[in-house]
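Novice: One structure is given below, represented as structure tokens, and several questions about it will come after.
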């Protein structure tokens with residue numbers, strides 16, 4: 001007979017299955033992207049989504065919000081966007097009965113569960129920085145007052161990797177606050193044909209809400225309880241530390257990193273790797289992580305946290321190749 005805890009876990013996993021099914025009704029293909037989005041949601045992290053226009057980034061986020069019954073707001077980042085347009089501002093109002101005037105804070109779109117920061121690199125650093133406190137602390141400070149944001153709170157920012165004119169690259173400190181950097185590629189032929197079939201007809205599919213904010217918060221707590229062995233903690237730390245030249249112990253890897261890496265990942269990368277691995281394990285209905293969870297998430301965790309050198313760019317080396325080198329060189333736990 002199942003215990004109360006087991007029944008609770010089984011119900012949460014059932015809700016998670018329903019969420020994935022509802023998203024799949026609208027989003028054709030892109031299974032790795034959807035999985036990584038859900039990993040960020042379950043881990044309580046934020047996602048930076050990169051892909052060329054027309055690949056359904058906005059639709060993916062809107063579908064996630066609809067299927068999870070979470071409040072959703074979208075902010076189009078432009079060069080003239082100001083911090084107050086995101087956080088909100090104080091407006092002067094008048095009490096018609098007494099004639100007295102007073103300032104009232106008008107909350108901005110940041111007060112939501114899911115915030116889509118569309119084309120975040122098109123706005124200057126001053127406005128980009130308006131998200132820093134919210135992404136780290138879950139709160140915003142306006143006029144000396146700190147206001148808590150709704151729980152859960154999830155930022156999904158998009159940027160176009162091929163347009164450079166009129167953009168402001170995100171600073172490393174802000175990039176580090178994204179749990180995963182998710183790359184969206186073109187769909188394969190079969191998926192593209194299905195997209196044409198489902199989006200050019202009369203009927204429009206809308207997902208049914210299958211998960212509310214309270215249930216999601218319970219799942220985020222469950223993710224934190226997923227078991228991690230000491231060997232896997234050390235493996236995650238070794239992979240992250242291997243990106244730092246001065247702390248690497250392998251001569252072969254040292255030489256490669258010296259050529260390819262200008263700046264390695266910090267401790268937050270290890271935290272992101274473990275949390276994301278826990279969320280992936282839960283998605284696959286497991287209560288303990290494996291080596292494969294860590295290995296499969298290393299690229300989206302490090303893609304935006306490791307700065308490639310000029311030599312790497314000159315040699316045509318990109319992050320996937322560097323990740324393959326790390327995985328091939330850093331010993332896995334339990335293997336000689």
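Residue numbers (full-length UniProt numbering): 1 to 336. Note that beta-carbon positions come from the ideal geometry of N, C-alpha and C, so glycine has one too.
1) Following the continuous alpha helix (DSSP H) through residue 31, name the residue where it begins and the one where it ends.
2) Cβ atoms of residue 108 and residue 88: under 8 Å apart, would you say?
3) Residues bridged to residue 182 by DSSP?
4) Please identify the residue among 305, 102, 295, 173 whose C-alpha is closest to the C-alpha of residue 330.
5) Between the beta-carbon of residue 77 and the beta-carbon of residue 117, is there less than 8 Å?
6) Are the CB atoms of residue 57 and residue 48 nearer to each other than 8 Å?
7) Counting only the same chain and skipping the five closest in sequence on each side, list residues whose C-beta sits under 8 Å from that of residue 235.
8) Give me the DSSP bridge partner(s) of residue 102.
9) Excluding the 5 residues flanking residue 140 on each side, which residues of the same chain have their C-beta closer than 7 Å to its C-beta?
10) From residue 316 to residue 11, what distance separates their C-alpha atoms?
11) Leaving aside the five residues before and after residue 71 along the sequence, list all residues of the same chain whose C-beta is less than 6 Å from its C-beta, in chain order.
12) Could you tell me which of 38, 98, 54 sits nearest to residue 186, measuring between CA atoms?
13) Under DSSP, the alpha helix (DSSP H) around residue 131 begins and ends at which residues?
14) Is the beta carbon of residue 210 closer than 8 Å to that of residue 19?
15) With a threshold of 7 Å on Cβ separation, who are the neighbours of residue 44 within its own chain once the five nearest residues in sequence on each side are excluded?
16) Taking the beta strand (DSSP E) that residue 72 belongs to, which residues open and close that run?
17) Classify residue 200: buried if its beta carbon has 16 or more other beta carbons within 10 angstroms, exposed otherwise.
18) For residue 276, tell me which candidate among 265, 306, 299 has the shortest Cα-Cα distance.
19) If the criterion is Cβ atoms closer than 8 Å, does the pair residue 63 and residue 161 meet it?
20) Buried or exposed: where does residue 196 fall if 16 or more other Cβ atoms within 10 Å of its Cβ makes it buried?
21) Starting from residue 243 and walking both ways along the alpha helix (DSSP H), at which residues does that stretch end?
22) Please look up how many angstroms separate the CB atoms of residue 39 and residue 283, rounded, as I've assumed it's under 8 Å.
23) Using the beta-carbon count (16 or more within 10 Å), is residue 248 buried or exposed?
24) So for residue 304, helix, strand or coil by DSSP?
25) Leaving out the 5 sequence neighbours to the left and right, which residues in its chain are closer than 6 Å to residue 215 when beta-carbon positions are compared?
26) Could you tell me if residue 128 is buried or exposed, where buried requires 16 or more neighbouring beta carbons within 10 angstroms of its beta carbon?
27) Assuming residue 42 and residue 279 are in contact, meaning their beta carbons sit under 8 Å apart, how far apart are those beta carbons, in whole angstroms?
Specialist: With the structure as the only source:
1) Looking up residue 31 in the chain shown gives position 31. 31-43 is the extent of the alpha helix (DSSP H) around residue 31.
2) By 1-based counting over the chain shown, the position of residue 88 is 88. By 1-based counting over the chain shown, the position of residue 108 is 108. The Cβ atoms of residue 88 and residue 108 lie closer than 8 Å to each other.
3) The residue you call residue 182 lines up with position 182 of the chain shown. For residue 182, which the question treats as bridged, DSSP gives the partners 49.
4) Counted from its first residue, the chain shown places residue 330 at position 330. Closest by alpha carbon: 295.
5) Along the chain shown, one-based indexing puts residue 77 at 77. Along the chain shown, one-based indexing puts residue 117 at 117. Cβ atoms of residue 77 and residue 117: closer than 8 Å.
6) Against the chain shown, residue 57 aligns to sequence position 57. Against the chain shown, residue 48 aligns to sequence position 48. 8 Å or more divides the Cβ of residue 57 from the Cβ of residue 48.
7) On the chain shown, residue 235 is found 235 positions in, with the first residue counted as 1. The residues are 291, 294, 330, 332, 333.
8) Working through the chain shown from its first residue, we reach residue 102 at position 102. Answer is 93, bridged to residue 102.
9) What you label residue 140 is simply residue 140 of the chain shown in a count that begins at 1. So the list reads 87, 110, 133, 134, 147, 149, once near-sequence residues are dropped.
10) Against the chain shown, residue 316 aligns to sequence position 316. Against the chain shown, residue 11 aligns to sequence position 11. Whole-angstrom Cα-Cα distance: 48 Å.
11) Here residue 71 refers to the residue found at position 71 when the chain shown is read from its first residue. Closer than 6 Å at Cβ, skipping near neighbours: 112, 113.
12) For the purposes of this step, residue 186 is taken as the residue at position 186 of the chain shown. Checked all of 38, 98, 54; the closest Cα to residue 186 is 54.
13) Your numbering for residue 131 matches position 131 in the chain shown. Residue 131 -> no alpha helix (DSSP H), and no H or E assigned at all.
14) Position 19 of the chain shown, counted from the start, is the residue given in the question as residue 19. Position 210 of the chain shown, counted from the start, is the residue given in the question as residue 210. For residue 19 and residue 210, yes; Cβs fall inside 8 Å.
15) In the chain shown, residue 44 corresponds to position 44, counting from 1. So the qualifying residues of the chain are 152, 220.
16) In the chain shown, residue 72 corresponds to position 72, counting from 1. Start and end: 72-76.
17) Translated into the one-based positions of the chain shown, residue 200 becomes position 200. Flag for residue 200 reads exposed.
18) Walking along the chain shown from the start, residue 276 turns up at place 276. Of 265, 306, 299, the residue nearest in Cα terms is 299.
19) The residue you call residue 63 lines up with position 63 of the chain shown. The residue you call residue 161 lines up with position 161 of the chain shown. Their beta carbons are not under 8 Å apart, which means residue 63 does not touch residue 161 by this criterion.
20) For this step, residue 196 is matched to residue 196 along the chain shown. Counting Cβ neighbours within 10 Å, residue 196 comes out exposed, since fewer than 16 surround it.
21) By one-based count along the chain shown, residue 243 stands at place 243. Unbroken run through residue 243: none, as it is neither H nor E.
22) Along the chain shown, read from residue 1 onward, the residue named residue 39 stands at position 39. Along the chain shown, read from residue 1 onward, the residue named residue 283 stands at position 283. Confirmed, about 7 Å.
23) Mapped onto the chain shown, residue 248 falls at position 248. Because the pLDDT at residue 248 is just 49, under 50, the model does not fix this residue reliably, and the point stays unresolved.
24) Along the chain shown, one-based indexing puts residue 304 at 304. DSSP places residue 304 in coil when its eight states are reduced to three.
25) By 1-based counting over the chain shown, the position of residue 215 is 215. Contacts found: 15.
26) Looking up residue 128 in the chain shown gives position 128. Looking at its Cβ environment, which holds 16 or more other Cβ atoms inside 10 Å, residue 128 is buried.
27) The count along the chain shown starts at 1 and reaches residue 42 at position 42. The count along the chain shown starts at 1 and reaches residue 279 at position 279. Going by Cβ atoms, the distance from residue 42 to residue 279 rounds to 4 Å, so yes, they are a contact pair.
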